[in-house]
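Visitor: Residue numbers in the sequence shown follow the numbering used here, run continuously in steps of one, and reach 191 at the last position.
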Amino acid sequence: MPINFRSKLHLKLLGYYFSNPNAEYYVRELARTLSFNGTYISRELRIFTRHGIFISSERNRQKYYRLNQKYPLYNEIKVIIKSIKS
106 MPINFRSKLH LKLLGYYFSN PNAEYYVREL ARTLSFNGTY ISRELRIFTR
156 HGIFISSERN RQKYYRLNQK YPLYNEIKVI IKSIKS
């Protein structure tokens with residue numbers, strides 16, 4: 106699994122998405138909101154997408170990412186993220 110639960114970026118990114126699991130965001134929006142470099146966010150989202158944790162779609166020349174709620178370990182990741190954030 107590509108998730109590093111010690112990575113601040115992974116925890117912020119997953120925590121943000123799991124707080125609103127149906128939302129879609131694009132990289133610049135996430136970079137502003139999470140105060141991380143967009144290059145790092147983009148790289149991690151591409152990796153997560155390759156592993157099936159996220160789904161990407163393109164609209165108006167922007168790539169949007171959302172959680173893949175059908176990912177086999179979705180509920181387990183959700184529980185871990187919630188317990189870490191608590």
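Every residue, glycine too, gets a C-beta built ideally from N, C-alpha and C.
Looking at the secondary structure, which residues open and close the beta strand (DSSP E) in which residue 172 lies?
Guide: 167 to 172
Visitor: Please classify residue 189 as buried or exposed, where buried requires at least 16 neighbouring CB atoms within 10 angstroms.
Guide: exposed
Visitor: With DSSP as the reference, label residue 176 as helix, strand or coil.
Guide: coil
Visitor: According to DSSP, simplified to helix, strand and coil, what is residue 163?
Guide: strand
Visitor: Taking 8 Å as the cut-off, decide whether the C-beta atoms of residue 169 and residue 121 are in contact.
Guide: Not in contact: residue 169 and residue 121 (Cβ atoms no closer than 8 Å).
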